[in-house]
Structure formats: structure tokens, C-alpha cells
Amino acid sequence: MNDSLQLREVARIIPYKYQLLEYTEIPDIRIEIINECGHLPPVEKQSKFNGIIKDFLLDTC
């Protein structure tokens with residue numbers, strides 16, 4: 000099983016629903032949305048970002 004981790008913020012330029020369409024063809028993908036975040040999730044939303052990474056590693060390793 001291949002797992003992917005994709006972190007995306009809700010962009011103002013490309014609406015959320017269209018961002019999700021980009022990934023519908025990738026099998027076993029895992030998408031995490033970090034709301035109210037720009038392009039630096041590890042800096043802007045440290046706790047949320049670290050939780051996502053931790054959960055991903057626990058689930059896949």
C-alpha cells in the first residue's frame with residue numbers, strides 16, 4: 000500500500016474543491032487541510048503540522 004502525505008492550505012486563488020480534484024486519480028493519497036495557513040505550515044501552524052506528521056508516521060511506519 001502506498002501512502003502519500005499532501006499538506007495544502009485553502010488558497011484564495013484556487014478554491015478548495017478544485018485543489019481536491021487535482022488528487023482524485025492518485026491511489027491511497029492522504030490529504031490534510033490546514034485552514035488559515037499560508038505557505039509555511041511548519042512555522043504558521045506548528046502544533047497542527049506536527050500532529051499531522053506524527054499521525055502520518057505512526058500510521059505508515
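In this text, residue positions in the sequence shown follow numbering that gives the first Met the number 0: the first is 0, and each later residue adds one. Quick reminder that beta carbons are idealized off the backbone N, C-alpha and C, glycines included.
In this structure, the straight-line span from the alpha carbon of Glu24 to that of Glu35 is close to 26 Å. Exposed is the label assigned to Lys53, since fewer than 16 other Cβ atoms lie within 10 Å of its Cβ. Glu43 and Asn49 have their C-alpha atoms some 11 Å from each other.
Per DSSP, reduced to three states, the secondary structure at Glu24 is coil, with no helix or strand assignment. In the DSSP assignment, Gly50 falls within the unbroken alpha helix (DSSP H) covering Gln45 to Thr59.
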